[in-house]
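Numbering (the UniProt record's numbering), first residue to last: 1 to 321. Virtual Cβ for every residue (Gly too), placed ideally from N, Cα, C. Please read the structure below before turning to the comments.
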């Protein structure tokens, strides 16, 4: 009987321990949380969408620390004063000078360096290296094609895309926020100029290769540059390279005189097939075949050898304007 009593007591203690454990691990939410969240959501909806605030306006913002972290993220060695100047736009500097002048600050302390000269320097470096890189990687492409591809790499949209992914949005000192695509592109040029001033021109060239030229990775060059009047261009190329006269031939068709008509045209020169193309009529199919032939001649097909982004061009091979 005593054994039975001790067993019942032990079971009671076990149940008590299990109940206390469940109480300790149970999640409790205070009653005031739900109405508070509802009220905050109602106020936010009533205010409407708010403009984004500058990170520089927060108390814990430290411009010098952010610039130091930016340089370390890129693995580059910047002069911090040059890097800060690279992110300071001329309009922002003029506004700050006017504000200081109104506060009665001496004229000698009003001057704020801005990035105008660094932007010009970075533009020259970026264009020179991009053109040299393309000439090295695409030796068969004519000059107008190289210029079109270089214009794509140096366009405002491409540079702003690179700049935003490098984290320059909150570092740019501009009169507008968020900064425009043009401001972000200029800041990237200024960063290139600041890197050249801090670490040398070769470091700036490698920066352009690693962050701008790599935008061609897995890019369809036909989307970047499509030759205008491809049939005439192909005939000219065939004459210059003595490939023979370009002659289009119908290889096949189906669905004539219907809305689903399709034609296949091949372009031959010296009994050699240069390219094939499809289209809803003979003219479109011939132009598509001419473009395919030009891609084969210029070595710009999708299955070409990938760009080599590990090359280091000699500075003497890069012509700075």
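query	result
C-alpha gap between residue 58 and residue 225, whole angstroms	45 Å
Stretch-stretch touch, CB-based, cutoff 8 Å, three pairs: the segment 261-275 with the segment 181-192	no
Length of the line joining the Cα atoms of residue 144 and residue 134	12 Å
For residue 253, the first and last residue of its enclosing beta strand (DSSP E)	247-254
DSSP three-state assignment for residue 168, whether helix, strand or coil	coil
C-beta atoms of residue 173 and residue 92 nearer than 8 Å	yes
At least 3 beta-carbon pairs within less than 8 Å: the segment 202-211 vs the segment 121-135	yes
Segment limits, alpha helix (DSSP H) that includes residue 152	143-153
Where residue 295 sits in the DSSP three-state scheme	helix
Same chain only: Cβ atoms within 6 Å of residue 246, ignoring 5 sequence neighbours per side	234, 235, 238, 267, 269
Beta-carbon proximity of residue 127 to residue 150, cut-off 8 Å	yes
Three CB pairs or more closer than 8 Å across the segment 70-87 and the segment 163-183	yes
Assigned exposure category for residue 316 - 16 Cβ within 10 Å defines buried	exposed
Element boundaries [beta strand (DSSP E), containing residue 265]	262-269
Among 164, 281, 217, 72, the one whose alpha carbon lies nearest that of residue 304	217
Cβ pair residue 183, residue 53 closer than 8 Å	no
Span of the beta strand (DSSP E), counted from its first residue to its last, around residue 228	Unbroken run through residue 228: none, as it is neither H nor E.
Residue 75, buried or exposed, once every other Cβ within 10 Å from all chains shown has been counted against 16	exposed
Inter-residue spacing [alpha-carbon to alpha-carbon] between residue 215 and residue 77	23 Å
Residue 213 to residue 309 span [Cα, whole Å]	8 Å
Alpha-carbon spacing of residue 240 relative to residue 139, whole angstroms	16 Å
For residue 138, three-class secondary structure by DSSP	coil
Unbroken alpha helix (DSSP H) run spanning residue 72, endpoints	63-74
Three or more C-beta pairs below 8 Å linking the segment 153-167 and the segment 30-40	no
Inter-residue Cα distance where the pair is residue 120 and residue 56	26 Å
Nearest-angstrom Cβ-Cβ length linking residue 287 and residue 262, presumed shorter than 8 Å	Their Cβ separation, rounded to whole angstroms, is 15 Å, which puts residue 287 and residue 262 out of contact at 8 Å.
Neighbour-count burial assignment, residue 163, 16 or more Cβ in a 10 Å radius	buried
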